[in-house]
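Visitor: The structure that follows is given in the form of structure tokens.
There are 2 protein chains.
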Amino acid sequence: MGARVEEMIADSMRALVERDSELARRVVDSDQFVNRLELEVDDACMRILARRQPVASDLRFITLALKIVTDLERIGDLAANIGERVLELNEEPPLKPYLDMPRMADTARGMVRNALDAFVSRDVACAQMVIERDGELDAHYADVFRVLLTYMMEDPRNIYRATRVQSIAKYLERVGDHATNLAEMVIFMIGGKDVRHLTSSGAVVSAVRDE
Amino acid sequence: MGARVEEMIADSMRALVERDSELARRVVDSDQFVNRLELEVDDACMRILARRQPVASDLRFITLALKIVTDLERIGDLAANIGERVLELNEEPPLKPYLDMPRMADTARGMVRNALDAFVSRDVACAQMVIERDGELDAHYADVFRVLLTYMMEDPRNIYRATRVQSIAKYLERVGDHATNLAEMVIFMIGGKDVRHLTSSGAVVSAVRDE
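Quick look at the structure:
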């Protein structure tokens, strides 16, 4: 499921840069496949919970799988949304800030991959790195947004395209947020500590431990 | 948790209309409280899974509670994001399309409330209604977006504020998406059928049933 959503993000960028609307449409359609995968994983998790009644770290692993697939499915939705915006942009002449999108996409995809690697190999350091990279992606989005504002102010004919590019940048930034959620949940699973919501003092709110 | 996020949305609108930055800041701060509630519910669910080993519809109820709190927490994030945009807008003279925001917010809040009512009272018809209203909210967003584009084209001095209002409209539209996710999950829980991802032919993908 992770590999598929990563591929969707990569394909949507290729569709933007190479102005390939056929490929953009395929990305939009792939969303169905990811949706089915979520149902299959949910199904498998609930069967395991019902039949095997796992406890301790197995229970954490299964309940997190249930939450993780929700994030992956939303990432698939976002990739499909990017595909839709690319279809709109491919009807218009290109606008310079397109160039930033593949770089943002690489960061976002890398974060998703690392978060899932961290989940599979139960690697806290790897998950921690994902969380740190989110700031990078947010800063990149802020830069792109400033550039797009300038384009809009310079020439009203840029406004429509600039808002489409802004949407794509925002979707990529949200992919990074989902990857961060995944990474935080992985750290929770491994440590029995919850870093999802640090208090303002920086103290970790402890959560469920092994029963 | 639902009541709190609803209140955050309502307060963020009051902060916008009445230009009350103090209130907007309180909305931003409330997010911490919602985050803690998510941890508490997760904790309670995992204890029940480990100690009581529920099956059949009880198992579905608990696993859905785990997923539902994730959506509620994200709705809290969105309300906090609205609060941040309101703080930015309150530094500027008002722009006419503000007027649409409270109406969009009422729809979004109503959807969240109805989805949670449907969860608690296991009411399929109520959940179904939430899903239908999402189209209304999407259409409203599209209208607002068109109006904002016009404002931006008319006068570059509107661009900055228009992008802030567009963000708020988009956050509200996403609150509606989360409410729709909640409603779909409720229908899944009640019927053992999954309406989350209908195939293009309209056939329902069946999912886990009582063991």
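Sequence order for the protein chains is Z and H.
Using my numbering, the letters of the first sequence map in sequence onto residues -14 to 196.
Using my numbering, the letters of the second sequence map in sequence onto residues -14 to 196.
C-beta: ideal position from N, C-alpha, C; glycine also.
Is VAL40/H helix, strand or coil by DSSP?
Guide: Three-state DSSP puts VAL40/H in coil, outside helix and strand.
Visitor: What residues in its chain sit with their C-beta under 7 Å from that of ILE47/H, if we drop five residues either side in the sequence?
Guide: Result list for ILE47/H: CYS30, ILE33, LEU34, PRO39, in chain order.
Visitor: So which residues of chain H does LEU101/Z contact, with C-beta pairs closer than 7 Å?
Guide: Going along chain H, no residue has its Cβ under 7 Å from LEU101/Z, so there is no contact; the nearest lies around 17 Å.
Visitor: Within the region 86 to 164 of chain H, note down every full alpha helix (DSSP H) run reaching 4 residues or more, in order along the chain.
Guide: Within the region 86 to 164 of chain H, the complete alpha helix (DSSP H) runs of at least 4 residues are 109 to 139.
Visitor: Helix, strand or coil: which one does DSSP assign to MET(-14)/Z?
Guide: If DSSP states are grouped into helix, strand and coil, MET(-14)/Z belongs with coil.
Visitor: Cα separation between MET138/H and PRO141/Z?
Guide: Distance between the alpha carbons of MET138/H and PRO141/Z is about 5 Å.
Visitor: Mind checking GLU76/H: buried by the 16 CB within 10 Å criterion, or exposed?
Guide: Exposed.
Visitor: Kindly list, in the order they appear in chain Z, the residues whose Cβ is closer than 7 Å to that of GLN38/H.
Guide: By Cβ distance, chain Z contributes GLN38.
Visitor: Exposed or buried, SER15/H, counting other C-beta atoms within 10 Å across all chains shown (16 or more means buried)?
Guide: SER15/H is buried by the Cβ-count criterion.
Visitor: Would LEU72/H pass as a contact of SER(-3)/H if the rule is Cβ separation under 8 Å?
Guide: Going by C-beta atoms, LEU72/H is not nearer than 8 Å to SER(-3)/H.
Visitor: Pull up the distance between the alpha-carbon of PRO79/H and that of MET89/H, whole angstroms please.
Guide: Distance between the alpha carbons of PRO79/H and MET89/H is about 18 Å.
Visitor: Here's a check: name, in chain order, each residue in its chain whose Cβ is nearer than 8 Å to the Cβ of TYR126/Z, leaving out the five neighbours to either side.
Guide: Around TYR126/Z: MET89, ALA154, LYS155, LEU157, GLU158.
Visitor: Which residues, in chain order, does the region 29 to 59 of chain Z contribute to contact with chain H at a C-beta distance below 8 Å?
Guide: Listed by position along the chain: CYS30, MET31, ARG32, LEU34, ALA35, ARG36, GLN38, VAL40, ALA41, LEU44, ARG45, THR48, LEU51, LYS52, THR55.
Visitor: Taking only beta carbons into account, state which residues of the region 66 to 99 of chain H come closer than 7 Å to chain Z, listed in chain order.
Guide: Those would be none; no residue qualifies.
Visitor: Thinking just about the alpha-carbon of each residue, which of THR165/H, ILE172/H, TYR136/H is nearest to the one in ASP123/H?
Guide: Of the candidates THR165/H, ILE172/H, TYR136/H, the one whose C-alpha sits nearest the C-alpha of ASP123/H is THR165/H.
Visitor: Could you check what DSSP says for GLU58/H in three-state terms: helix, strand or coil?
Guide: Three-state result, GLU58/H: helix.
Visitor: Three or more beta-carbon pairs under 8 Å between the region 18 to 26 of chain H and the region 51 to 59 of chain H, yes or no?
Guide: Yes: at least three Cβ pairs fall under 8 Å.
Visitor: Could you give the distance in angstroms between the alpha-carbon of ALA65/H and the alpha-carbon of ARG10/Z?
Guide: For ALA65/H and ARG10/Z, the distance between alpha carbons rounds to 34 Å.
Visitor: Identify whether ASN75/H lies in helix, strand or coil by the three-state DSSP scheme.
Guide: Reduced to three states, the DSSP call for ASN75/H is coil.
Visitor: State the Cα-Cα distance for the pair PHE104/H and ARG36/H, rounded to the nearest angstrom.
Guide: Each residue's alpha carbon lies about 23 Å from the other.
Visitor: Does chain Z have any CB closer than 8 Å to the CB of GLU156/H?
Guide: Note on identity: in this sequence residue 156/H is Tyr, with Glu being the wrong assignment. Not an interface residue.
Visitor: DSSP three-state label for ASP5/H, please.
Guide: ASP5/H: coil per DSSP, three-state reduction.
Visitor: Using the beta-carbon of each residue, which ones in chain H are nearer than 8 Å to LEU134/Z?
Guide: Under the 8 Å cutoff, chain H gives ILE144, TYR145, THR148.
Visitor: Using only alpha-carbon positions, find the residue among TYR83/H, SER42/H, GLN113/H, PRO87/H that is nearest to ILE(-6)/H.
Guide: With distances taken between Cα atoms, ILE(-6)/H lies closest to PRO87/H.
Visitor: Select from the region 105 to 137 of chain Z all residues with a C-beta closer than 7 Å to any C-beta belonging to chain H, and list them in chain order.
Guide: The region 105 to 137 of chain Z vs chain H, Cβ under 7 Å: LEU134, MET137.
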